[in-house]
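Visitor: Quick note on numbering: the sequence shown equals residues 1 to 386 in UniProt numbering. Think of the CB as a built atom: it goes at the ideal place given N, C-alpha and C, for glycine as much as any other residue. Being a predicted model, the structure only gives us computed values, none of them experimental.
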Amino acid sequence: MVVGAGLAGVRSVEALRARGFAGTITLMGEEAHRPYDRPPLSKSVLLGETDSTVVDSDLDALEVDFRAGVAAKGLRPGVVETTEGEVAYDGLVIATGARPIRLRGDGEQHVLRTIDDALELRARLVAGRSVAVIGAGWIGAEVATAARRAGCEVTVVEAADLPLSAALGPVGAHTARWYGQAGVDLRLGTSVASVDHDGLTLADGSRVEADVVVTGVGVRPAVEWLAGSGVELDNGVVTDEHLRTALPGVVAAGDCAAWWSRRYGRRLRVEHWDTALGAPEVAAATLLGGDAVYDPVPYFWSEQFGHMVQYAGHHDGERLVLRGDPATDVKWGACWVADDGRLAAVLAVNRPRDLLQGRRLIEGGQRLDVGRLADPAVALRDCTAA
Numbered sequence: 001m002v003v004g005a006g007l008a009g010v011r012s013v014e015a016l017r018a019r020g021f022a023g024t025i026t027l028m029g030e031e032a033h034r035p036y037d038r039p040p041l042s043k044s045v046l047l048g049e050t051d052s053t054v055v056d057s058d059l060d061a062l063e064v065d066f067r068a069g070v071a072a073k074g075l076r077p078g079v080v081e082t083t084e085g086e087v088a089y090d091g092l093v094i095a096t097g098a099r100p101i102r103l104r105g106d107g108e109q110h111v112l113r114t115i116d117d118a119l120e121l122r123a124r125l126v127a128g129r130s131v132a133v134i135g136a137g138w139i140g141a142e143v144a145t146a147a148r149r150a151g152c153e154v155t156v157v158e159a160a161d162l163p164l165s166a167a168l169g170p171v172g173a174h175t176a177r178w179y180g181q182a183g184v185d186l187r188l189g190t191s192v193a194s195v196d197h198d199g200l201t202l203a204d205g206s207r208v209e210a211d212v213v214v215t216g217v218g219v220r221p222a223v224e225w226l227a228g229s230g231v232e233l234d235n236g237v238v239t240d241e242h243l244r245t246a247l248p249g250v251v252a253a254g255d256c257a258a259w260w261s262r263r264y265g266r267r268l269r270v271e272h273w274d275t276a277l278g279a280p281e282v283a284a285a286t287l288l289g290g291d292a293v294y295d296p297v298p299y300f301w302s303e304q305f306g307h308m309v310q311y312a313g314h315h316d317g318e319r320l321v322l323r324g325d326p327a328t329d330v331k332w333g334a335c336w337v338a339d340d341g342r343l344a345a346v347l348a349v350n351r352p353r354d355l356l357q358g359r360r361l362i363e364g365g366q367r368l369d370v371g372r373l374a375d376p377a378v379a380l381r382d383c384t385a386a
């Protein structure tokens, strides 16, 4: 049984079949839709370029019992409790993803997690309307980009002192000027007290008037249905490096899984498409008795204000080396280098080759020449130490 019919769920079904599993597979999802991709929701769907992002997977050919509009409500060994009764299983993949965080207040606040969210929000982005976006993270920046392109007046309110602070730390400050260049009013170090019917009340008592409010302050793993099940929970479903949970015959994949990374020596939970795409192969192998290890270099990307922003790796206090001048260069990047000279993470802004080469360097564990690394004219692959 696979609980969660997003990308991680459907890829788990495909991986099980590809590995020769010929038994019954039930795929269950609480949405009424067939499995679809989420990254385009804040990009091509919100921009009006497409209305559907259905995953290219033939569920009939996979011989899967697909149950749409059915949610998990509880778990005990061998049985998933659902909104349509109990379903027995021999092996279980937990792929229930995450849910957007909403803020206090009686006003309508849009979030962007489902295709229905995206289509509803797109209908509200009409030229001349005022839009308040809470959060200057990845989603906030992409929503602001789409709203400005639609001709809306946009204000972005961010509690931190710089955009993308959680993901990029101080480097996020270099993206702040993009908002002004796009005609977006960016208010940093500003907290929201409540979402109201006509906008926002800020923590200092001031107001932001808005016709549309979008909340993009993060998500929480959708794991409340697992309480008391025996599955360990800590910022998601706790797994080992094989994506195995504490409950026999149960694995987890995608946004809800907090797996142990050998590479980084810590537990990671990554809320991005690449994780949902790659983790199911290991989850399926583990469920079928294999010993595959999930230890990727995390990767994600964002398209905002005309810039392609790509990131690979994981950084936490490593030395920062800039490649290019973010204040003047359209193409620039950043690298985080560990004390032993190995690359921990790479950020590429309009420099796709840096992303590709940097990801390979992280995977290979080569030590780098920091002096050459700081020169944007030198290809990353040529920055390895002698």
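Between the region 153 to 163 and the region 126 to 140, do three or more beta carbon pairs fall short of 8 Å?
Guide: Enough Cβ pairs lie closer than 8 Å, so yes.
Visitor: With a cut-off of 8 Å on the beta carbons, I'd call P326 and H174 a contact; round off their distance for me.
Guide: Contact flag correct, Cβ pair sits at about 4 Å.
Visitor: Could you spell out the range, first to last residue, of the beta strand (DSSP E) harbouring A193?
Guide: It spans 192 to 196 - the beta strand (DSSP E) in which A193 sits, taken as one unbroken run.
Visitor: So, V3 versus P35, is the Cβ gap smaller than 7 Å?
Guide: Not a contact, by the Cβ cut-off of 7 Å.
Visitor: Quick one: residues in its chain with C-beta nearer than 6 Å to the C-beta of A5, no 5 flanking neighbours on either side, listed in chain order?
Guide: Once the five neighbours on either side are set aside, the close Cβ partners of A5 are L27, G29, P35.
Visitor: Give every residue of the same chain whose Cβ lies closer than 7 Å to the Cβ of V223, excluding the five residues on either side of it in the sequence, and list them in chain order.
Guide: Closer than 7 Å at Cβ, skipping near neighbours: T96, L233, G236, V237, C256.
Visitor: Specify the secondary structure class of A385 as computed by DSSP and reduced to three states.
Guide: Coil at A385, not helix or strand.
Visitor: How many Å lie between R17 and G23 at the Cα?
Guide: Those two C-alpha atoms are separated by around 9 Å.
Visitor: What are the boundary residues of the beta strand (DSSP E) that G221 is part of?
Guide: As written in the sequence, residue 221 is Pro, which differs from the Gly given in the question. 219 to 221 is the extent of the beta strand (DSSP E) around P221.
Visitor: Report, in whole angstroms, the separation of the C-beta atoms of W225 and K73, which I expect to be a contact under 8 Å.
Guide: Right, the Cβ-Cβ distance comes to about 6 Å (below 8 Å), so this counts as a contact.
Visitor: Alpha helix (DSSP H) containing T145: first to last residue?
Guide: 138 to 149 is the extent of the alpha helix (DSSP H) around T145.
Visitor: Does the beta carbon of G365 come closer than 7 Å to any beta carbon on chain C?
Guide: Among the chains of the structure shown, chain C does not appear; only one protein chain is present.
Visitor: For the ligand NAD, is there any heavy atom lying closer than 6 Å to the beta carbon of R367?
Guide: Questions concerning the ligand NAD fall outside what the structure shown contains, since it holds no ligand whatsoever.
Visitor: On the criterion of 16 or more Cβ atoms from any shown chain inside 10 Å, does R102 qualify as buried, or is it exposed?
Guide: Exposed: under 16 other Cβ atoms inside 10 Å.
Visitor: Output the residue ranges of the beta strand (DSSP E) runs that lie fully inside the region 253 to 302 and measure 3 residues or longer, sorted by chain position.
Guide: Those beta strand (DSSP E) runs which fall completely within the region 253 to 302 and span 3+ residues are 257 to 261, 266 to 268.
Visitor: Since I believe P298 is in contact with V270 (beta carbons under 8 Å), could you give me their beta-carbon distance rounded to a whole number of angstroms?
Guide: So it is a contact: roughly 5 Å between Cβ atoms.
Visitor: Please name the residue or residues paired with A68 in a DSSP beta bridge.
Guide: DSSP, once it has assigned bridges, lists G29 as partnering A68.
Visitor: Between which two residues does the beta strand (DSSP E) carrying Q366 extend?
Guide: No beta strand (DSSP E) contains Q366, which DSSP labels as neither H nor E.
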